[in-house]
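Everything below concerns the one structure shown next.
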Amino acid sequence: MSPLRWDVLAVSFVLALPVLALGLRGDLGVHDVVTRLPWCLAAGWGLVALLRWAATPRPSAPRAAADEDPDAAAP
Numbered sequence: 001m002s003p004l005r006w007d008v009l010a011v012s013f014v015l016a017l018p019v020l021a022l023g024l025r026g027d028l029g030v031h032d033v034v035t036r037l038p039w040c041l042a043a044g045w046g047l048v049a050l051l052r053w054a055a056t057p058r059p060s061a062p063r064a065a066a067d068e069d070p071d072a073a074a075p
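Written out as structure tokens, the structure is:
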């Protein structure tokens, strides 16, 4: 999964908003903001990867003939 997908970039931007706000307010210097922005991209990529993994349906195991209930076929 590419870290430059639109969903990764959108989540990363949302995660970067507090960092950018602190930089604009003057609580963080330019160097601090620039060094924290790649971490926002990494966190966004990790969050999207985790959500995509959790949302992917698991393949069901094939049922064996011995697992079937013998009474279900009786009339």
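Numbering (this note's numbering), first residue to last: 1 to 75. No residue lacks a Cβ here, since even glycine has one placed at the ideal position from N, Cα and C. Remember, predicted model here, so these are calculated numbers, not experimental data.
| Item | Value |
| --- | --- |
| Residue 33 and residue 48 closer than 8 Å at C-beta | no |
| Cβ-heavy atom distance, residue 27 to the ligand SAM, below 7 Å | This structure does not include the ligand SAM; it has no bound ligands of any sort. |
| For residue 18, the three-state DSSP class (helix, strand or coil) | helix |
| Closest Cα partner of residue 9 within the set 54, 40 and 59 | 40 |
| Best match in 15, 53 and 7 for proximity to residue 38 [C-alpha to C-alpha] | 15 |
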